[in-house]
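Residue numbers (my numbering): 62 to 134. For each residue, glycine too, the CB sits at the ideal point set by N, CA and C.
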């Protein structure tokens, strides 16, 4: 059984999620600044690594979805 095929609406949702996610990461960095990054270095490194991995995974899923839609056309 293959998973349900994504539609254009799903792609739109993925795009919005990615944008919101990136926005939060950037805002987080700007709000707390360098001092906070140095103080909570290890914790934040863990968070950022997780964020980057999640972002890469989302991009991977997005590319897969686009490929599936392209195959249908």
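For residue 117, the closest of 133, 78, 69 by C-alpha to C-alpha distance is 78. Cβ-Cβ separation between residue 129 and residue 75: approximately 13 Å, too far for a contact (criterion under 8 Å). Selection 115, 104, 110 evaluated against residue 80 yields 115 as nearest (Cα-Cα).
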